[in-house]
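Trainee: Residue numbers (the numbering used here): 241 to 1257. For each residue, glycine too, the CB sits at the ideal point set by N, CA and C. Have a look at this one.
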């Protein structure tokens, strides 16, 4: 059995024999945020938000009940003092931390509670998907039982939200409305829910870390509240010291218990999984509902209906598997997730892969294995025997270590040295570690003062505070006083001793247990080959295989991380090869079909080659290409490579190749000649002739003759000559006169060629032209070009007969005349233009005439029309004034006067005068004012007395406007009345009001003239 396995069996045995001794205690860590604590409580189907924490530093945290008596596995702890103070054993009669902080108002309002201190409050919002929430908790305190009655440390779980009236505490004694505190649940009140945990003054509670520090605690309580799905509720978890700041209390809240009562939990057993493990299926918790399974991240192959995982098809790694259940009436599905890990396993290949050997031979097989990246647990050796620690001689506790490699110690090999000591005065103790070679280092000397015990104390190489900075009971990891590097090179396998020296009398103790753990480096642990037939070993990585028949071998490689991987290879056993062959039919002619080798019985075709150069052979098949090969004799070799370690086979054979011929000749004869062919026959005609002959080697010799027959030719040509030229006849002679000439020649083929030439003489032509154009026109010359200038132009052309034709053009350009005249007429007149047309309006008129030479004569007339002048005047005068008219005469009367004059341009100028005579105006007005008033006259003056006033103004037309004002002044009216009435009567006053009292009453009215009228009663 591998060492990592039997070490575990020792540890398990220790648990059976000595309960709660090895790592049996409550573990607490602090420093978490409000959100982290709230999320740790959240269970299935809830969403957490808006978390806040009002708590002294170190008063809250997370707990893990490795093997303790609190009744919950793990979760959140809230205390009135120090969260770490809850860790057992119960060896302190009054664990107390005064945080000096305030209590909580909601706690103070609970029945039986009035004044809390050192409050620790965790608040957050929760949105459930279901209609009921619950959570599990345990309340504990070191106030038990001494302070039951006068002091009531208390815990509450307040909830508020839709459907809940106000804020309600649901942390109640079961079946009651009583809050949970030390005065409500104890040995005399609801004692069925109370658990005694000692007093901290001795006994098993004070020595065994299985027991927590508090003197008492409740059973596991479940708080429950009906809610509306998908509504948001506010939760407040609060604990406080009542009446003082002393002696701690705490509440343990089960992780993931804050949620619905629906059970959808499940688990996978047996993980982490190796690639060769059976496919795991989920195991639902009792009564749990299974829905649809999913996983993240990608890479896990899972059956969504059953949750079964296909390990072989999945990628190694760590995955979260989620069970999603849709519950009717819930606003969202429920989710429950677990984590599973698939290990990669070692990578294994066998070298060589599928080798081939000859019968009777062997091959060396090597399993090349690389461990995976998976981790393996440290290898731990323990001594669980109690050793009394006397005041005097040292005590040693041995541990036998074996199976560790490498054999020499280095700090990289050591995981930790852990111990548990029960002692009442730590400063008396010197603790040392001795390796098998006798080298010793001090772990801790005289540390801890008057403190008690070393509880779950571990010494590590680095990354922890020195033990000299710690305090009793030194729980946790520390670096020793002397470094572990002092043990470098010491033998690892052998007996290690923990040596303890109590150097002062008076206090005694016990070494409860200790252990030494070595780092497990994941490496290849074992090899197992099957079948064993023909193998030199079945457990080595390198084996010799000598099978007599073809055999498939499998090696299983196991790594220390726990996984195994298999690889296979097939060793093929075969006989040695042969290579015999022949080419039947040699010698060959080059025009025969390409021959292939004929193999001997049992022989193989290998690689084919030949010598000397000149033979074209297929290296893979041995087929010879006769047509491309040079004639000759060749040695052909068949080389067959032996499989595996078998020898190669080599055979040769000789072939001869003789040439075959095929020639083609071309030749010519003249008509009537005779030609002798290669086979001796004759012909006189053109054509293709084949002669099939045989060479001295018996191969074909085919000669093809292509014979062309040429006939004699007779040709006639007609030639025209220009007068005065000559012509060279086909026979080279020159002639310049008309006639028929015969030339007798020999063709390029050597046959007769007779050419007859008929010559005719053609005359030449001359033409003279005289032309004229107008200036600005274009003339096209005989050659197609154009000109606008006078001159003599000569052109030579070739006639239809190919002779000269000369054309001469004498060109004259005549000028064009252009004149301009300016003419003016009066409006209504007319003008006759040079071309005879009549014009009556302003404008420019162009008259184009033709000169005696036939060219244009252009006259431009600029005609202007002078308008007649006409103006109308509309003056006005006042009655009695005189107006001078345009002709110098005068008038005093209104009327229209017209006058005609002659303008400087000789045209009429008409002036019309429309004269208006405006009369002067005179009006009279009568005005009345009240006495004391005033009036503004039309000319702006002020009048206050009777009289006639004349105002002379100017009208809008500039003439006099006379206004006469007759002004009169009206006096004010005043009357006094003295009536009397009887007592009790009412008198109506002038304004309509009434009175029953004596007095003088004055009223002012407006008279018909608009002036004051005063009535006094």
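Under DSSP, the beta strand (DSSP E) around residue 808 begins and ends at which residues?
Mentor: That run of the beta strand (DSSP E) goes 804-814.
Trainee: Provide the residue span of the beta strand (DSSP E) that contains residue 605, from first to last.
Mentor: Its beta strand (DSSP E) spans residues 603-610.
Trainee: Answer with buried or exposed for residue 1245, where buried requires no fewer than 16 other C-beta atoms within 10 angstroms of its C-beta.
Mentor: That one is exposed.
Trainee: Mind checking which residues open and close the alpha helix (DSSP H) that includes residue 275?
Mentor: Residue 275 -> alpha helix (DSSP H) spans 274-281.
Trainee: Determine the closest residue to residue 590 out of 1003, 1113, 296 and 785, with distance taken between C-alpha atoms.
Mentor: Cα-wise, what sits closest to residue 590 is 785.
Trainee: In its own chain, which residues sit with a C-beta less than 7 Å from the C-beta of residue 1247, not counting the 5 before and 5 after it?
Mentor: Taken in chain order, the residues that qualify are 1213 and 1253.
Trainee: So residue 651 and residue 732 are supposed to be a Cβ contact under 8 Å. How far apart are they, rounded?
Mentor: No, residue 651 and residue 732 are not in contact; Cβ-Cβ is about 12 Å, not under 8 Å.
Trainee: How many Å lie between residue 516 and residue 804 at the Cα?
Mentor: Taking the straight line from one Cα to the other gives about 7 Å.
Trainee: Is residue 914 closer than 8 Å to residue 946 when the C-beta atoms are compared?
Mentor: Not a contact, by the Cβ cut-off of 8 Å.
Trainee: Can you give me the start and stop residues for the alpha helix (DSSP H) that residue 348 sits inside?
Mentor: Start and end: 345-348.
Trainee: Please state whether DSSP places residue 421 in a helix, a strand or coil.
Mentor: Residue 421: strand per DSSP, three-state reduction.
Trainee: DSSP beta-bridge partners for residue 478?
Mentor: In DSSP, residue 478 forms a bridge with 361 and 396.
Trainee: Please say whether residue 288 and residue 299 have beta carbons closer to each other than 8 Å?
Mentor: No; because the gap between Cβ atoms is not below 8 Å, this pair is not in contact.
Trainee: Cutting at 8 Å between CB atoms, please list the residues of its own chain near residue 507, excluding the five before and the five after it.
Mentor: Only 522, 523, 525 and 578 meet the Cβ criterion.
Trainee: Which full runs of the beta strand (DSSP E) of 3+ residues lie inside the stretch 457-523, going along the chain?
Mentor: The stretch 457-523 contains these whole beta strand (DSSP E) runs: 461-466, 473-482 and 489-494.
Trainee: Could you tell me the distance, in whole angstroms, from the CA atom of residue 437 to the CA atom of residue 454?
Mentor: Taking the straight line from one Cα to the other gives about 7 Å.
Trainee: Tell me, to the nearest whole angstrom, how far the beta carbon of residue 818 is from that of residue 889; I am working on the premise that it is less than 8 Å.
Mentor: That pair is a contact at about 5 Å.
Trainee: So residue 674 is in the beta strand (DSSP E); what residue range does that whole segment cover?
Mentor: Where residue 674 is concerned, the enclosing beta strand (DSSP E) stretches over 669-674.
Trainee: Whether or not the stretch 445-464 and the stretch 299-315 are in contact is what I'm after, with contact meaning three or more pairs of Cβ atoms, one per stretch, closer than 8 Å; do they touch?
Mentor: With a cut-off of 8 Å, the stretch 445-464 and the stretch 299-315 count as touching, because enough Cβ pairs lie within range.
Trainee: Would you give the residue range spanned by the beta strand (DSSP E) that residue 836 belongs to?
Mentor: Run containing residue 836: none; DSSP gives neither H nor E here.
Trainee: Looking only at DSSP bridge pairs, what is residue 374 linked to?
Mentor: DSSP lists 464 and 499 as partners of residue 374.
Trainee: Near residue 1255, what residues of its chain come up, given a Cβ to Cβ distance below 6 Å and the 5 sequence neighbours on each side ignored?
Mentor: If we look at residue 1255 and ignore the five residues flanking it on each side, its Cβ neighbours are 1215, 1230 and 1243.
Trainee: State whether the stretch 431-445 contacts the stretch 366-376, with contact taken as three or more CB pairs (one from each stretch) at a distance under 8 Å.
Mentor: No: the two stretches stay apart, fewer than three of their Cβ pairs being nearer than 8 Å.
Trainee: Identify, in the order they occur along the chain, each residue of the same chain with its Cβ nearer than 7 Å to the Cβ of residue 825, setting aside the five sequence neighbours on each side.
Mentor: Around residue 825: 835.
Trainee: Does DSSP put residue 324 in a helix, a strand or coil?
Mentor: Residue state, collapsed to three classes: helix.
Trainee: Which residues bound the beta strand (DSSP E) around residue 557?
Mentor: Residue 557 -> beta strand (DSSP E) spans 557-565.
Trainee: Classify residue 852: buried if its beta carbon has 16 or more other beta carbons within 10 angstroms, exposed otherwise.
Mentor: Under this definition residue 852 is an exposed residue.
Trainee: Among the residues of its own chain, which have a CB less than 6 Å from the CB of residue 1080, if the five just before and after it don't count?
Mentor: Around residue 1080: 1070.
Trainee: Apart from the five residues just before and just after residue 655, which ones in its own chain have a Cβ nearer than 7 Å to its Cβ?
Mentor: So the qualifying residues of the chain are 618, 757, 758 and 759.
Trainee: In whole angstroms, what is the alpha-carbon distance linking residue 963 and residue 978?
Mentor: In a straight line, the C-alpha of residue 963 is about 10 Å away from that of residue 978.
Trainee: According to the neighbour-count rule (16 or more other Cβ atoms, all chains shown, within 10 Å of its Cβ), is residue 1194 buried or exposed?
Mentor: Counting Cβ neighbours within 10 Å, residue 1194 comes out exposed, since fewer than 16 surround it.
Trainee: Using the C-alpha atoms, what's the distance from residue 1072 back to residue 1138?
Mentor: When rounded, the distance between both Cα atoms is 35 Å.
Trainee: Are there 16 or more other CB atoms within 10 angstroms of the CB of residue 1117, so buried, or fewer, so exposed?
Mentor: Its Cβ being crowded by 16 or more others within 10 Å, residue 1117 is buried.
Trainee: Rounding to the nearest angstrom, what Cα-Cα distance links residue 1094 and residue 1038 in this structure?
Mentor: If I take the Cα positions, the gap works out to 36 Å.
Trainee: Which runs of the alpha helix (DSSP H) at least 4 residues long sit entirely within the stretch 1004-1089? Give them in chain order.
Mentor: Those alpha helix (DSSP H) runs which fall completely within the stretch 1004-1089 and span 4+ residues do not exist here.
Trainee: Starting from residue 698, follow the beta strand (DSSP E) in both directions and report where the run begins and ends.
Mentor: Run containing residue 698: 694-699, per the beta strand (DSSP E) assignment.
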